[in-house]
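The structure under discussion appears below in the form of structure tokens.
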Amino acid sequence: MPLFVVKPSENEPGKPQFSDIISSGIAEGFFASKNSTSNCTTIVITDGVNSKAATIKNISEYLVPPKSPTAKRWIKRVDVQFEDVRDLTPQELSQVRTIKWSSRNVRFV
1 MPLFVVKPSE
11 NEPGKPQFSD
21 IISSGIAEGF
31 FASKNSTSNC
41 TTIVITDGVN
51 SKAATIKNIS
61 EYLVPPKSPT
71 AKRWIKRVDV
81 QFEDVRDLTP
91 QELSQVRTIK
101 WSSRNVRFV
């Protein structure tokens with residue numbers, strides 16, 4: 001099963017940080033679709049140093065307008081509710097460590 005890995009934006013005012021997401025049980029507003037996450041049963045939340053895994057409970061998809069006034073397509077985002085937060089297994093940890101993060105903060109491994 002692929003892992004749905006998210007990395008929250010760091011130090012952005014008004015945006016939930018790693019510990020906020022873990023304690024709330026919901027990862028909100030990540031660029032993905034419900035279809036792309038449908039194979040995943042585990043979400044991994046990481047800040048690049050710390051990582052936690054959890055069981056995906058529910059995924060809600062919604063559309064947001066593009067930031068650019070010239071863009072024509074709306075953007076799919078997902079909110080992921082999760083439970084049973086735990087440390088990563090050695091295999092999950094090695095998968096997450098191979099990710100080369102860029103400006104995109106969602107990966108499937």
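Here full-length UniProt numbering is used: position 36 in the sequence shown is 36, and no number is missing along the way. In this text, a Cβ means the ideal position worked out from N, Cα and C, and glycines have one as well. If you're wondering where the values come from, they're calculated on a predicted model, not measured in any experiment.
Below 8 Å on the Cβ atoms is my contact criterion, and I expect residue i with residue j to pass it. Report the Cβ-Cβ distance as a whole number of Å.
i, j, result
"Phe-82", "Ser-36", "The pair is not a contact, with the Cβ atoms about 17 Å apart (cut-off 8 Å)."
"Phe-4", "Ile-75", "With a Cβ gap of about 18 Å, Phe-4 and Ile-75 do not count as contacting."
"Ala-6", "Ala-27", "Residue identity differs from the one stated: residue 6 is Val in this sequence, not Ala. Indeed they touch by this definition, with Cβ atoms about 5 Å apart."
If we ignore side chains and look at the alpha-carbon of each, how far apart do residue i and residue j end up?
i, j, result
"Val-85", "Arg-77", "22 Å"
"Leu-88", "Met-1", "14 Å"
Taking the alpha helix (DSSP H) that residue i belongs to, which residues open and close that run?
i, result
"Asn-58", "Looking at the DSSP string, Asn-58 is not in any alpha helix (DSSP H); the run it does join, the beta strand (DSSP E), is 51–64."
"Gln-81", "Where Gln-81 is concerned, there is no enclosing alpha helix (DSSP H), although the beta strand (DSSP E) it sits in stretches over 75–86."
Considering just the uninterrupted stretch of the beta strand (DSSP E) at residue i, what are its terminal residues?
i, result
"Glu-28", "26–31"
"Val-6", "3–6"
Flag this pair as yes or no: are the beta carbons of residue i and residue j separated by less than 7 Å?
i, j, result
"Lys-52", "Ile-22", "yes"
**Item:** Inter-stretch contact at 8 Å, needing at least 3 Cβ pairs: the segment 32–45 / the segment 9–16
**Value:** no
**Request:** Determine, using beta-carbon pairs with one atom in the segment 54–64 and one in the segment 91–106, whether at least three such pairs fall under 8 Å.
**Result:** no
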